[in-house]
Amino acid sequence: MPVLRILETMYDCCQGIAARIVLIRSDGYDY
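Counting from 15, one number per residue, gives the positions in the sequence shown under the numbering used here.
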């Protein structure tokens, strides 16, 4: 079972979600 591969995928997913949150915030929601 390729654990590193799973961790890599999870990391990429988290990065994508974080980038989306940052984009939404900078898009007009000033927190």
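Ideal Cβ placement from N, Cα and C applies to all residues, glycine included.
- Our two residues, V36 and D26, have alpha carbons roughly 15 angstroms apart in a direct line.
- C-alpha of Q29 to C-alpha of L18: approximately 16 angstroms in a straight line.
- Going by C-alpha positions, S40 is about 14 angstroms away from I31.
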